[in-house]
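Participant: Just so you know, the sequences run in chain order A and B.
For reference, each letter of the first sequence is one residue, going 1 to 291 in our numbering.
For reference, each letter of the second sequence is one residue, going 1 to 291 in our numbering.
There are 2 protein chains.
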Amino acid sequence: MSINKLVIIGVGLIGGSFALALKKAGMVKRVVGVGRTRKNLNTALKLGVIDELSLDAALAMRDADMVLIGTPVGQMPGVMKAIAPHLGAKTIVTDGGSTKQDVVACARKYLGAHFANFVPAHPMAGTENSGAAAAFAELYRGRKVIVVPQPETSPRAVRVVRAAWTACGANVVRLRAREHDEILAAVSHLPHVAAFALMGTLANRKDAKRILGFSAGGLRDTVRISGSSPEMWRDIFLANRSALLADIDKYLHEIKLLRALLQRKDGDALQARFEHARHARERWLVKAKRD
Amino acid sequence: MSINKLVIIGVGLIGGSFALALKKAGMVKRVVGVGRTRKNLNTALKLGVIDELSLDAALAMRDADMVLIGTPVGQMPGVMKAIAPHLGAKTIVTDGGSTKQDVVACARKYLGAHFANFVPAHPMAGTENSGAAAAFAELYRGRKVIVVPQPETSPRAVRVVRAAWTACGANVVRLRAREHDEILAAVSHLPHVAAFALMGTLANRKDAKRILGFSAGGLRDTVRISGSSPEMWRDIFLANRSALLADIDKYLHEIKLLRALLQRKDGDALQARFEHARHARERWLVKAKRD
Numbered sequence: 001m002s003i004n005k006l007v008i009i010g011v012g013l014i015g016g017s018f019a020l021a022l023k024k025a026g027m028v029k030r031v032v033g034v035g036r037t038r039k040n041l042n043t044a045l046k047l048g049v050i051d052e053l054s055l056d057a058a059l060a061m062r063d064a065d066m067v068l069i070g071t072p073v074g075q076m077p078g079v080m081k082a083i084a085p086h087l088g089a090k091t092i093v094t095d096g097g098s099t100k101q102d103v104v105a106c107a108r109k110y111l112g113a114h115f116a117n118f119v120p121a122h123p124m125a126g127t128e129n130s131g132a133a134a135a136f137a138e139l140y141r142g143r144k145v146i147v148v149p150q151p152e153t154s155p156r157a158v159r160v161v162r163a164a165w166t167a168c169g170a171n172v173v174r175l176r177a178r179e180h181d182e183i184l185a186a187v188s189h190l191p192h193v194a195a196f197a198l199m200g201t202l203a204n205r206k207d208a209k210r211i212l213g214f215s216a217g218g219l220r221d222t223v224r225i226s227g228s229s230p231e232m233w234r235d236i237f238l239a240n241r242s243a244l245l246a247d248i249d250k251y252l253h254e255i256k257l258l259r260a261l262l263q264r265k266d267g268d269a270l271q272a273r274f275e276h277a278r279h280a281r282e283r284w285l286v287k288a289k290r291d
Numbered sequence: 001m002s003i004n005k006l007v008i009i010g011v012g013l014i015g016g017s018f019a020l021a022l023k024k025a026g027m028v029k030r031v032v033g034v035g036r037t038r039k040n041l042n043t044a045l046k047l048g049v050i051d052e053l054s055l056d057a058a059l060a061m062r063d064a065d066m067v068l069i070g071t072p073v074g075q076m077p078g079v080m081k082a083i084a085p086h087l088g089a090k091t092i093v094t095d096g097g098s099t100k101q102d103v104v105a106c107a108r109k110y111l112g113a114h115f116a117n118f119v120p121a122h123p124m125a126g127t128e129n130s131g132a133a134a135a136f137a138e139l140y141r142g143r144k145v146i147v148v149p150q151p152e153t154s155p156r157a158v159r160v161v162r163a164a165w166t167a168c169g170a171n172v173v174r175l176r177a178r179e180h181d182e183i184l185a186a187v188s189h190l191p192h193v194a195a196f197a198l199m200g201t202l203a204n205r206k207d208a209k210r211i212l213g214f215s216a217g218g219l220r221d222t223v224r225i226s227g228s229s230p231e232m233w234r235d236i237f238l239a240n241r242s243a244l245l246a247d248i249d250k251y252l253h254e255i256k257l258l259r260a261l262l263q264r265k266d267g268d269a270l271q272a273r274f275e276h277a278r279h280a281r282e283r284w285l286v287k288a289k290r291d
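#1: Kindly list, in the order they appear in chain B, the residues whose Cβ is closer than 9 Å to that of Gln75(A).
#2: What are the start and end residues of the alpha helix (DSSP H) that includes Pro85(A)?
#3: Contact check, Ser226(B) vs Ser188(A) under 8 Å by CB: the rounded distance?
#4: Excluding sequence positions up to five away, which residues of its chain have a Cβ less than 8 Å from the Cβ of Pro191(B)?
#5: With burial defined as no fewer than 16 other Cβ atoms inside 10 Å of the residue's Cβ, what is the status of Arg273(B): buried or exposed?
#6: If you count every other CB in all the chains shown that lies within 10 Å of the CB of Asp102(A), and 16 or more means buried, which is it?
#7: What residues in its chain sit with their C-beta under 6 Å from that of Gly131(A), if we drop five residues either side in the sequence?
#8: Classify Leu202(B) as buried or exposed, calling it buried when 16 or more other Cβ atoms lie within 10 Å of its own Cβ.
#9: Can you check whether the C-beta of Ser17(B) is within less than 7 Å of a C-beta belonging to chain A?
#10: Would the segment 111-120 of chain B and the segment 81-91 of chain B be scored as touching if the rule is three or more Cβ pairs under 8 Å?
#11: For Gln263(A), count neighbouring C-beta atoms within 10 Å of its own C-beta (all shown protein chains included) and say buried if the count is 16 or more, exposed if not.
#12: For Phe274(B), would you say it is in contact with chain A, using Cβ-to-Cβ distances shorter than 7 Å as the test?
#13: In chain A, which residues lie with their C-beta within 8 Å of the C-beta of Ser130(B)?
#14: Leu59(A): buried (16+ other C-beta within 10 angstroms of its C-beta) or exposed?
#15: Suppose contacts are defined by Cβ-Cβ distances below 7 Å. Is Leu53(A) in contact with Gly33(A) by that definition?
#16: Taking three-plus beta-carbon pairs below 8 Å as touching, is the segment 269-289 of chain A in contact with the segment 198-213 of chain B?
#17: Please tell me whether Asp221(B) has its Cβ less than 7 Å away from any Cβ of chain A.
#18: Give the C-beta separation of Gly35(A) and Leu55(A) to the nearest angstrom, bearing in mind that I take them to be a contact with Cβ-Cβ under 8 Å.
#19: Tell me, please, whether the CB atom of Gln271(A) is closer than 7 Å to any CB atom in chain B?
#20: To be precise: take each residue of the segment 222-238 of chain A, compare its Cβ to all Cβ atoms of chain B, and keep it if any distance is under 7 Å. Which residues remain?
#21: Would you grab the beta carbon distance between Val28(A) and Leu6(A) for me? Rounded to a whole angstrom, and I think it's under 8 Å.
#22: Check whether the Cβ of Pro191(B) lies closer than 7 Å to any Cβ atom in chain A.
#23: How would you call Arg162(B), buried or exposed, if buried means at least 16 neighbouring beta carbons within 10 angstroms?
#24: Using a cut-off of 9 Å between C-beta atoms, extract the partners of Lys265(A) located in chain B.
#25: Near Glu152(B), what residues of its chain come up, given a Cβ to Cβ distance below 7 Å and the 5 sequence neighbours on each side ignored?
#26: Who are the neighbours of Thr71(B) on chain A, taking C-beta pairs under 8 Å?
#27: Asn129(B) to Leu68(A), Cα distance in whole Å?
#28: Take Ala177(B) and list the residues in its own chain whose beta-carbon comes closer than 6 Å to its own, dropping the five residues that flank it on each side.
#29: Could you round the C-beta distance between Leu258(B) and Leu244(B) to whole angstroms and report it? I think they count as a contact, below 8 Å.
#30: Check whether the Cβ atoms of Val79(B) and Ile9(B) lie closer than 7 Å to each other.
#31: Spell out whether any CB of chain B is found under 7 Å from the CB atom of Arg278(A).
#32: Which ranges does the beta strand (DSSP E) cover as unbroken runs of at least 3 residues, wholly within the segment 35-72 of chain B, from first to last along the chain?
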């Protein structure tokens, strides 16, 4: 399989790394980057992430074999509306959006007949950095990519998108969109609540600068993902609102439980909660290493 | 300065790394490890962390130049009570306990005349691993060590303990015990609440094993410190209870704020909270790199 022209709309960590990985795999001839402003695209061009740039998504669709929408999910309605009339009959569209039910609904609404060529996808990879400069070809190596094809989705489109992600070094897994969103609320979106809120709690203090000087690696790792793109995470929160609200409530419940045990000085029960968490982490990491 | 006989009571990550760092710096001739059970001490002996082992802290005090108590803070009353009658007039005692007001109170209660030779200390370093096998000589390089000498503490004892930590590669900073505990509640103990509770929330689910298979590096870093020793953290929580309860309440407040903004779909305000956290993290990391 070879892609003559790949269009990346939103050349950030996700879209840029997809382009770099496919280039490295020799699977793509030409990458066109589309964005809202010239600055990030120029960086992408200079770093060899893309070969051409365009500020007009509609124009860039001409002769495109594959289009990856790598924007925050909040921008997808606008993007899909803009590109739909210009998509070729065989152009395959995919995305890297962090939520899937809303992206599927949006595609169904705006892509019209081209919906059959749209394969919703989400790579389980990322860093706290954003923009084209953060992209690297190895981002997806050994990571899971979830695809959520719909009843209308053409088998050819699924095959091509699977092959592309596989060429990036990823393992492709199929889920239902709702299942995806519920799982991601727990293992990705909730950790962002924890990290943003923890960093926010410390940032609220007048003596934040001084006390942060006494922190060690524990805090640094715990809040690493609070460095993630605020715009992207606003969109994810809103898009996965109901699942995330339910998970936030579970998290609040667990913190309040720890608080109550501490309040009544119940050391044994506190220790038991810590063991419970620690064992789950150990089992998970042992399994992750084995897989 | 040279230490003829160093006794480490509790040869774990903290005590073991102290011994290894001083050995590497050529500052210590002989290290005696004291512990509750033979297994960990045998490991320490095999790895060259200690040169001799003892299950009797009192006996080990004979001719000791320096004693580091590296046990969880909950064991310190028992340890201090046991060693006090056997301490030499010139033996300097220090600790690596994660809280300081309780350790100072305990030392004042049990060490008697030897209290003047006790220098309470706490290195701002650690990993999620525990036991002698987790120790390494470089743990303290470039890290802060907080010492909290009391009015009674002899200047000679402070000098010697400062010199030892400096030889480990650490930067020694002096604080009041209360100030130490308040700062640590925020930058170390609260992150452990966040991490233990997050990992606990996920562990509570019946489908924990499956959903954890879809996690990426974000979750992994956010919960890393939930792998820390449950016994040690039970003691820290109980020892720093009132400061930590206040900080847990601030954290709950911040999470509830995010929840309320999400509930009413206030994307702008959510994004502003994320920016707030992100900027504080950036400023902190820039400063940390410069220091």
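We put the beta carbon where it would ideally sit given N, CA and C, even for glycine.
Facilitator: For this structure:
#1: Those do not exist, as Gln75(A) stays about 13 Å from chain B at its closest Cβ, beyond 9 Å.
#2: Per DSSP, Pro85(A) belongs to no alpha helix (DSSP H) and is neither H nor E.
#3: The pair is not a contact, with the Cβ atoms about 17 Å apart (cut-off 8 Å).
#4: Ile225
#5: buried
#6: buried
#7: Gly12, Asn40
#8: buried
#9: no
#10: yes
#11: exposed
#12: yes
#13: Chain A residues near Ser130(B): none, gap ~10 Å exceeds 8 Å.
#14: exposed
#15: yes
#16: yes
#17: yes
#18: 7 Å
#19: yes
#20: Thr222, Val223, Arg224, Ile225, Ser226, Gly227, Pro230, Glu231, Trp233, Arg234, Phe237, Leu238
#21: 5 Å
#22: yes
#23: buried
#24: Leu238, Arg241
#25: Phe115, Ala116
#26: Chain A residues near Thr71(B): none, gap ~15 Å exceeds 8 Å.
#27: 41 Å
#28: Lys100, Gln101, Val104, Val148
#29: No, Leu258(B) and Leu244(B) are not in contact; Cβ-Cβ is about 21 Å, not under 8 Å.
#30: yes
#31: yes
#32: 52-54, 66-69
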